[in-house]
Structure formats: structure tokens, C-alpha cells
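Residue numbers (the UniProt record's numbering), protein chains in the order written: chain A, 1 to 427; chain B, 1 to 427.
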């Protein structure tokens, strides 16, 4: 209930898939002390739903809501503008805001939380990362007593859908089309497949888990577009699959003394890792604590209903006077690269001396070959094979591959993937 | 910080494994606004640790702490008495309490939470279920907006250690001894292996997730003592493993209209289920929501450090003025039995007519046989085989087995296990 003891008045901004799920859950469950009063959308006449109680005001004017006595706005419009300015104005007016807007929180979350606190309101964003999986409340409440040293996650359901379909033999382009037809991918899939969506979520998790405030633009992102079905065949040889992995880690005893490493992109993931288990649009987040060891969260990371659960849970928290634990974070620059094993796939017109030349180029960068193998069934004129190398920096490998790329026998650009190593940070 | 704005004064009651881990984390991380002031234990001279700051008072007298200006007691003594009366007295004095005591919360949690609220204090018990895995804050904060229809969990690390070792071929008695030597099992392992520890945790989770307040004594518990290595061999034939599963479920649209079913005991778990993945002392909890679908939490459920993380997180929540969302529950009686497929292992002196007699006894109870199979390598004089049956109530199967048990050819009592079916409650 609001400070006055009366019901908490709630407005939904954006009546798309998530917004209508939020309204549906509020109407079905009728959580105590919460009253849906307004729904905003453009072209509202297209949106009117007969199952919404008639007391609810439908409006095309955000100003009506910002000027009203609504206690909480639920921002589900997305993007930085105008959604960000609506959230800011609501907080300035002493209202609380609940949002699923990962981009807004990644870029402006710290400033907006400060604003909320200074005006006596709340800013909650449990739906911004991993939809219906309570990772954010888990970090703010349940793991606040640990010192989290690393996070690894499958944070983008679209990429996971595509890659788990490719694991069954399909090619990227075909699955992307299927994902678009199913509504899992946008017409322009850049945000998802090139890693920017996951990167915004990684920034939010790094802030809460590692207490490191990273600049999204500093985090290297690699697209999953270049992964092909043959890479899954070689992944199987290594007892791995391929997933888009977002990871951030403190190297050293803690944030004050250690570097933070972070990246987003396709990786080889050992089948024994919990990160290899999620199928379809599921999300998984692994949190490695110094004291508590590894904790894994998994479930439906997107979709109207799961995301709406996170939104409604945040509204209930506010209604119950529950405050998010304020976890102080510090501005942190990324201080290096992960040193990881890599797998490199070559496709060549086979001839003597190829391995020698590759080995030399790797050796020049201080990179040791671990294994070389090829799947049977290909002719010498179009021969794919894979080289795995011992832990090295991505940048060193790229320098070696730049030199190797000039080799005439290559039929395709070499394609490399980092291998996610199982690590145990438990105390 | 406490109401007065000064540091929150915290006392640890019980300086065993968890208590000393709590002190260690408080001393290492120095969470803002929290001050460890007292440590209570019997025979305190055995316990004194030189890394604890000298300002901390060590005492053998709980009364000193209850009479002091301590804001929060951390109760890690366990059991109903005297720990329960200490918590009650602290709450009556307006202090807050953080506890890992599942038994106390299972039997008296509702009354104690009411007391805490009436006196302006808090009662938090994130460590009471699944140690370092933030299931309780996940339910109270992140899933409060869903209607949870079922929970399934591996809630007892000792049983999971024993059963995952048996999966690798060991027999119960040997692994129990190993678990005792490692400190994972008590000298009297009854609470763990017979299911009472898991049952108390299931009661707590049912209250928070299903909003059903169950009487622990009503929940059927079955021991894992009778599981033997051969059962794992047959489980593999069914693509299953065996785990101690605690489950509770609402049958019907919601708690007001549906029955609650609950049980604790060994079950066949399909290898594809997340509940089959936890090894060693790990815990896993699956929460099935009407709107958000299945969410899985897994990690270290016990041990000093993981449990201490949950305790310290609760203390931090109190220090930050964060309140647990009060999820109203209602007194609920268990209204029936799970209808599940079963697997029954027989060991016989083989002779004609055995299957006919078993089939008849099952048919009399309306139970259909699904499959019959046996592993090679056994003689006719000591032949184990397995019968799987279509979904039926445990009680009906028990009646059939009572009749079958009188058959002269049986060399052992038939041993039956329920099969955990994958179910999807997502909306």
C-alpha cells in the first residue's frame, strides 16, 4: 500500500505483449493493495481489451498519467527515448517506477536509482534481465552477503533458440527466418544476434553482482552470425555445444585490487556445464561467489507472461514497502582479456605444409597448439579441420589469424571460438 | 542501519560451522552499517577465535544478549528448544531475528512472523532452505507476482550425496559411512535419510510458494535406506536416476479450489530433468508458476560458507530496511495422493506363473502394467526384474504389493519407486 495506507495506484505504459500480460495477471490475481488505474498506448483504440475493468482509464497521453496521483508507473515502452524521460519525470515527481527496459537501466540505471532515492520513490527492474527468472532479486537479497567473483549467462533467448536449433543440424539463416516467423526475432535481428541486447543485461548483472559499473561500449561483442552447422559437429567432438555466453569476472581478490574482464559472444560450452542445458528461448545465469560457490538460475527469460511475473513481483515489493538492497558499485574499466582455450576451424584445399605454416604463425604469438582433428567424409579439395590451442588472449589469436588468413590454400576465413572452462570459485 | 541511524548491532548465537562462517564473512566483507557485537556458545573457551575483533563480546549467557541493546540475533543453535524460545524472546523485545533453523520455521514460523511484525522487528530465514541458493528471497521477491502451482526439490544434501555416490555403483551402507566420515551425515542419520529434514524445508517452501500452510506430520515421508545399487541399474534402463525428491503441488485452478498433494522420498527422476543434474551435496529447487513457467535454482545447499551467505544476506536486508514481502498463506490439509507411474523391483526364485499372479494382484487394484524387463546376468534362482505400471496412487500399489508380498517365490520384499514425470504448468 502507498504511504497513505490506501491502495497503490499503478499505470501501465505500453500495452504490447508484456503490458497486456501484466494487466492480465493484475486482473487475475488481484494482489492486495494494488489498483490498476491507467493504461497508456499509442492508437489506444486498437488495444482496448474487454477483460480490463471499466474503472481503468485508457489514454494516449502520457502527460495524463505523469500529472495524475498514480503511485507507480510500469514502463514497458522500451528504448532510451522517450521512455527514459517518462521514467525520470515520474521519479522526479516522487512516484516509483518499474521497468523491463534493460537499455535504460544499463545506460542510466545508477543515475535513475539515485534520483528515486532522493525523491523517496523506488526504481525496480527485475524484468530487465532474464525475464521470469528472479536473478536480480536473488542478487539484491539472497546473495548480497557473498562476494561474487564471476557471472556467466545465457541472457538472450533469441540466440539460444537459434543455436539450440543449429545444434540439431539447421543452418543459421534458416533458423533465423523461423525465429522471425515465430516472433522470437526482430526483422532487424542485430540487437539480439550481434550481442547488444545481452551486453546491456551483462552490464546490469555486473553492477549488482560484481559491483562493477561497466561502460557497455567497452564490452567486446561478437556476433553469432558466423557460426555454422559444421561448428556444432566439431563442438560435439570436444564434448561441447555452442551458446551465446555473456560473462564478466573479477581477476584478483576483489574489485578494488583486481581487473574486470567481460565479453559477449558465441563460445564452446562443455556439455557438463549448466550453461549447455538451456534449450529454446530459455535463459540461464551462473553466479560464482567467493563464499557460496556457484549458484545457477534458469527458466523462461522472455515472453509476455514470464516477463510480466517479474514486473508484477516488483510492484508487489513496492506495495509491501520492501526496498531493494542498495549495492554500491564503482566505475570500472575493463582491464584485460580472458585467457582461454580456443578452437579454430579451417577450410582448405589440402596440400603439404599447411599445418607447419599455421603452427608457425601461432607460435610467433606465443600460442601453443593443443590438438588437431578432422571429421571424415570431406575431400582434400574442400577439407575442414579444427585446431585447438592452449589458453591465450583473443587479440593474440587474431594477430596470428590475420597472418594465417593470407594463406592461398584457405577456402574460407578461419573461424575461432573460445572454450568456456569450468571454474570453481567456491571458498 | 537501525532505526536510530547508528550501526545495526548483531549477535551470533551458536559458533559452530555456520556461526564461524558468518563471523568470518562479516569480518572480511565488513558490510556497511553492520556491527558484530556478541558471540554466544556453550563452553566458549573452546571457541575463541583470534581473527574476531577484540570489541566482540564472547559469552556463555544468552541472557546477556537478550538483555543487551543488540538489534538482530542470528540464531544458529538449531532445534525447537531452547533456540525457539530465544528467538521468541528476542522478537518480543522488538529485536529482529535471522535464523537457519528450518524446524523452528516449519513448526512455528507463522506465529513468529506475526510476533515480529507486531513488535516492529523482522524474522528472516533465507538460510533455512537450500543454504546458499536464494530460493526464499526468489519466492518472496521475484516470484510473488506469479501463482506457483508446484515445487519439486532436492532439499537434503546428505541424501543427494549418498544417492549420487550410489549412482556410481556404491551400496547405501558404505556411502552412509563415508558421508559420516566427511561430516555430511550425523551419527544418527534419521533426520536426513528418512526425509524429516527435507520435509521441514518443503513445509517452508509450500507456505511461500503455494501459500499453503501444511502440517509437517501430514506429509508422507519415505526413507532412502531401502534403495540399493541394483535399483540404479534399472533406473538407467528407464533413462532415469534416483534422487530424494520433495514435492508439493496444487491440483485445480488454485489453492482455494484445489487440493494440495505433497510427499518426500526417493523417486526415479528422468535424466533430462534438472533435478537429475545435481551431484554431491548440491540442492536444486524447481518452481512451476502458472504464468512464468518453470524456474530452476541450484547450488550448494549446505555447508558453513554457503549457509552463512544466506544468513549475512538476511542481515544486510534488515540493515537496508528491506522487508520481506508478506505472502499470506492458509491452513491446508493434504487432499489426496499423486497419481504417478511406478517402477517395482522383484527378486524371485523363478518359476512359471509369477507374472500372472503379480498382474492379477495389480489388476485387482485397477493398476495397469506398462512394461516388464530384466537385466541379464542373473540366475533363475535369484532373479531380479522390474515391472513398471501406469499412473496410480501409492496406496493402491501398496495394497497390491501386500498381496504380492505373500508369494512364496519372493526372495525380497518388492521395492517400488514413483517416477517423477516432467510436467509443464506454464501458461
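For glycine and all other residues, C-beta sits at the position ideal for the given N, C-alpha and C.
message: Measuring only the C-alpha atoms, how far is residue 428 of chain B from residue 51 of chain B?
response: The structure shown does not extend to residue 428 of chain B, since chain B spans only 1 to 427, so no value can be given for it.
message: Quick check: the stretch 120-137 of chain A against the stretch 304-312 of chain A, are at least 3 beta-carbon pairs closer than 8 Å?
response: Verdict: yes, contact present.
- prompt: When the cut-off is 9 Å and only beta carbons count, does residue 28 of chain A lie next to chain B?
  reply: Cβ-Cβ to chain B under 9 Å: yes for residue 28 of chain A.
field: Limits of the alpha helix (DSSP H) - the one that residue 28 of chain B falls within
entry: It spans 17-29 - the alpha helix (DSSP H) in which residue 28 of chain B sits, taken as one unbroken run.
- request: Please go through the same chain and pick out, in chain order, the residues whose beta-carbon is closer than 6 Å to the beta-carbon of residue 77 of chain B, but skip the five residues on each side of it.
  value: For residue 77 of chain B, the CB contacts under 6 Å within the same chain, skipping 5 residues up- and downstream, are 13, 14, 83 in chain order.
query: For residue 274 of chain A and chain B, any beta-carbon pair shorter than 9 Å?
result: It does; some Cβ of chain B falls within 9 Å.
- request: Take residue 372 of chain A and list the residues in its own chain whose beta-carbon comes closer than 6 Å to its own, dropping the five residues that flank it on each side.
  value: Result list for residue 372 of chain A: 387, in chain order.
- prompt: Buried or exposed: which applies to residue 257 of chain A, given that a residue is buried once 16 or more other Cβ atoms fall within 10 Å of its Cβ?
  reply: Residue 257 of chain A is exposed by the Cβ-count criterion.
field: Chain-ordered neighbours of residue 184 of chain A on chain B, where CB pairs are closer than 9 Å
entry: Residues of chain B passing the Cβ test: none, with the nearest at roughly 15 Å.
- request: Verify whether the separation of the beta carbon atoms of residue 233 of chain B and residue 95 of chain B is less than 9 Å.
  value: No, the pair does not count as a contact, with Cβ atoms beyond the cut-off.
query: Does residue 316 of chain B have its Cβ less than 9 Å from a Cβ in chain A?
result: Contact of residue 316 of chain B with chain A is assigned, a C-beta pair being separated by under 9 Å.
query: To which residues does DSSP link residue 244 of chain B through a beta bridge?
result: Answer is B/266.
field: Any C-beta of chain D under 9 Å from that of residue 134 of chain B
entry: The structure shown contains no chain D; its protein chains are A and B.
task: Say whether the stretch 151-160 of chain B touches the stretch 242-256 of chain B, bearing in mind that this needs 3 or more beta-carbon pairs closer than 8 Å, one atom from each stretch.
output: With three or more CB-CB distances shorter than 8 Å, the stretch 151-160 of chain B counts as touching the stretch 242-256 of chain B.
field: CA-to-CA distance, residue 72 of chain B to residue 413 of chain B, given in whole angstroms
entry: Taking the straight line joining both Cα atoms gives about 52 Å.
Unbroken stretches of the alpha helix (DSSP H), 4 residues or longer, contained in the stretch 33-80 of chain A: DSSP runs (the alpha helix (DSSP H)) wholly in the stretch 33-80 of chain A: 62-66.
- prompt: Near residue 409 of chain A, which residues of its chain fall below 7 Å by C-beta distance, leaving aside the five closest residues on each side in sequence?
  reply: Once the five neighbours on either side are set aside, the close Cβ partners of residue 409 of chain A are 348, 349, 351, 354.
query: Between residue 123 of chain A and residue 97 of chain A, which are expected to be in contact by the criterion C-beta below 8 Å, what is the C-beta distance as a whole number of angstroms?
result: With 8 Å as the limit, residue 123 of chain A and residue 97 of chain A qualify as a contact, their Cβ atoms being about 5 Å apart.
message: Strictly below 8 Å CB to CB, what residues from chain A border residue 323 of chain B?
response: Neighbours of residue 323 of chain B on chain A, chain order: 320, 321, 322, 323.
query: Along chain B, in chain order, which residues have C-beta atoms closer than 7 Å to that of residue 147 of chain A?
result: Going along chain B in sequence order, the residues near residue 147 of chain A (Cβ under 7 Å) are 29.
message: Given this structure, state the Cα-to-Cα distance separating residue 53 of chain B from residue 86 of chain B, to the nearest angstrom.
response: A straight-line Cα-Cα distance of about 25 Å links residue 53 of chain B and residue 86 of chain B.
- request: Tell whether a beta-carbon distance below 9 Å holds between residue 285 of chain A and residue 205 of chain A.
  value: Residue 285 of chain A is a Cβ neighbour of residue 205 of chain A, given a cutoff of 9 Å.
message: Checking 9 Å against the spacing of the C-beta atoms, do residue 270 of chain A and residue 420 of chain A come in under that value?
response: Result yes, Cβ atoms of residue 270 of chain A and residue 420 of chain A sit closer than 9 Å.
message: As a quick exercise: from A/395, A/281, A/164, pick the residue whose alpha carbon is nearest that of residue 298 of chain A.
response: Checking every option, the nearest Cα to that of residue 298 of chain A belongs to A/281.
- prompt: Are the C-beta of residue 427 of chain B and some C-beta of chain A separated by less than 9 Å?
  reply: Residue placement at residue 427 of chain B cannot be trusted, given a pLDDT of 35 that sits under 50; what the coordinates show is reported in the next sentence. Answer yes: the Cβ-Cβ gap between residue 427 of chain B and chain A drops below 9 Å somewhere.
message: Below 7 Å on C-beta distance, what does residue 137 of chain B contact in chain A?
response: For the C-beta of residue 137 of chain B, the chain A residues within less than 7 Å are, from N- to C-terminus, 137, 138, 141, 142.
- prompt: Mind checking if residue 443 of chain B is an interface residue toward chain A, Cβ cutoff 9 Å exclusive?
  reply: Limits of chain B in this structure are 1 at one end and 427 at the other, which puts residue 443 of chain B out of reach.
query: If you follow the beta strand (DSSP E) that residue 9 of chain A is part of, which residue opens it and which one closes it?
result: Counting along the chain, the beta strand (DSSP E) containing residue 9 of chain A begins and ends at 8-13.
query: Across which residues does DSSP place residue 415 of chain B in a beta bridge pair?
result: By DSSP's assignment, residue 415 of chain B forms a beta bridge with B/345.
- prompt: Within 10 angstroms of its Cβ, does residue 152 of chain A collect 16 or more other Cβ (buried), or is it exposed?
  reply: With 16 or more Cβ atoms within 10 Å of its Cβ, residue 152 of chain A is classed as buried.
message: By the DSSP assignment, the beta strand (DSSP E) with residue 287 of chain A in it spans what residues?
response: DSSP places residue 287 of chain A in the uninterrupted beta strand (DSSP E) bounded by 282-289.
field: Against chain B: residues of the stretch 285-302 of chain A by CB proximity under 8 Å
entry: Listed by position, the residues of the stretch 285-302 of chain A near chain B (Cβ gap below 8 Å) are 289, 291, 292, 293, 294, 295, 296, 297, 298, 299, 300.
Beta-ladder partner(s) of residue 261 of chain A, from DSSP: Partner residues in the beta bridge of residue 261 of chain A, as assigned by DSSP, are A/249.
- request: Please determine if the stretch 320-327 of chain B and the stretch 354-368 of chain B are in contact, where contact requires at least 3 C-beta pairs separated by less than 8 Å.
  value: No: fewer than three Cβ pairs fall under 8 Å.
message: Between residue 328 of chain A and chain B, is the shortest Cβ-Cβ distance under 9 Å, so that the two count as touching?
response: Closer than 9 Å: yes.
message: Applying the 10 Å Cβ sphere with the 16-neighbour rule, what's the burial state of residue 424 of chain B?
response: Because residue 424 of chain B carries a pLDDT of 42, less than 50, the predicted location of this residue cannot be relied on, and the following value inherits that uncertainty. Result: exposed.
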